[in-house]
Amino acid sequence: MNRKSFLAMSTAILFSVGVAQAQDPVRIGIVVELSGAGAPAGTNWRDGIKIAVDEINADGGILGRLVETAEYDTQTDPQTSRALVQKAIDEGAYAIWGTIYSGSTLVNMLVAQQNEIPQFVGSESPAIVDKGNPFVFRTSSGAQKGVPALTPYFKDTLGAKKVGIAWVNNEFGKGGHDVFAAEMAKVGIEVVADVSSEQAQTDYAADVARLKDSGAEAVFVYMNQEESARFLIEARKQGLAMPLVGEVTLTEAKVIELAGGAAEGAIAHVGLTATATQIEGIAEFAAKFEQSFNRRPTHDAIKGYVGAWATKYVTEMVGEFNGAAFAEKMKNLCLSVAEHPRMLLDTCWDATGEMSRPSFMVQVKDGSPVVIGTVPAN
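To convert, note that position 147 of the sequence shown is 146 in numbering that gives the first Met the number 0; the numbers rise steadily by one, no gaps.
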């Protein structure tokens, strides 16, 4: 073989290798609660991501590389989640999608940070962004942004002077409780009953009785899905007459399914809801989800979906798979629907990874959460 032929063959081989490498998929770890108490949230998060990945790959992937995901079940255990984030990174994950439970995220996000891996989470505890981790980004506003949106509802719409708080005693619940109590103090509304419960608690008879006898004119309910459903059932059983108002977990599909008629009338401020069908992108996503999984998507499904699409959009803005550059790009970034339609709503992050976007007030009517108002981004 002469030199010219050898060089031509070498060039062809190198080109072939380059093409093969360019076509290698980019791996992303879905580290989330697929069993345990967080399974209703985690499975919806994962399934929303599945819809997004199908769309992303149909759109050419990320920087020309198809997305390949691997699922890691945290079993709703913080230490397990930490180990699985490390495992996902060891197995080549470019980014992490999850977790949802704040107690888990507070533990596992340190691993992603140490490895400079971007991480989109569904967690809402204020502590998530207070830690100064530049690699963690919310897919919905934290309690310190979401809960204050309820203050005008309690003060002006309900005209409440006395309220009760029913909350779950975990990292998620503590965050929402503390913000709400502070908000009520600011506007001169008295908290006359402060009732905490434990995660996975099954008996709410004493809690509801205490609220019923407290003189509260409305109750702020801030619990995870299954606990919310059990609380609503007991509230209906005891004839708790005052308005029950909370954040998204109080009125989501899984709660309504479990609580049945006891969920009727419950009110919540929600960052995302599949019932906001006046938003074209949300209506389209909800239809795809129902066709794929034969059930309605919850807010967690939408959160997973937008987290996946944000990963694509921002990576392509950076122009390379570089975690540090990704984190820098995310600081004070806004993605408009006009230019980034799969974000569904105009979305911004500040320098801490906290999110801001328009949101909704919903009420359960005839077994479904119905949008009764909108809340501007804050």
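Even for Gly, the Cβ is constructed at its ideal location relative to N, Cα and C.
These figures come from a predicted structure and were not determined experimentally.
Considering only residues of the same chain and omitting the five flanking positions on each side of E90, which have a CB-CB separation below 8 Å? R26, G28 and A69
My output table needs one value for M241: the three-state DSSP class, helix, strand or coil. coil
Which listed residue (T150, G97, S367 and S227) has its alpha carbon closest to that of E263: S367
DSSP beta-bridge partners for G372? M360
Run the CB neighbour count on S101, radius 10 Å, all protein chains shown included, and call it buried at 16 or more, exposed below. buried
Does the beta-carbon of P125 have 16 or more other beta-carbons within 10 angstroms, so that it is buried, or is it exposed? buried
Just to confirm, are V220 and G259 a CB contact at a threshold of 8 Å? no
Taking the straight line between their C-alpha atoms, what separation do you get for F119 and D365? 34 Å
Quick one: using the 10 Å Cβ neighbour count with 16 as the cut-off for buried, is G131 buried or exposed? exposed
Counting beta carbon pairs with one atom in the region 144-161 and one in the region 354-363, are three or more of them shorter than 8 Å? yes
Under a three-way DSSP split, which group does Q20 fall into? The predicted model places Q20 with a pLDDT of 45, which falls under 50 and marks its position as unreliable, so this point remains unresolved.
Helix, strand or coil, according to DSSP, for L334 in the structure here? strand
Taking 8 Å as the threshold (C-beta atoms), are T351 and V128 in contact? yes
How is the alpha helix (DSSP H) around K160 delimited, first residue to last? No alpha helix (DSSP H) contains K160, which DSSP labels as neither H nor E.
Per-residue burial, G47 [other beta carbons within 10 Å of its own, 16 or more giving buried]: buried
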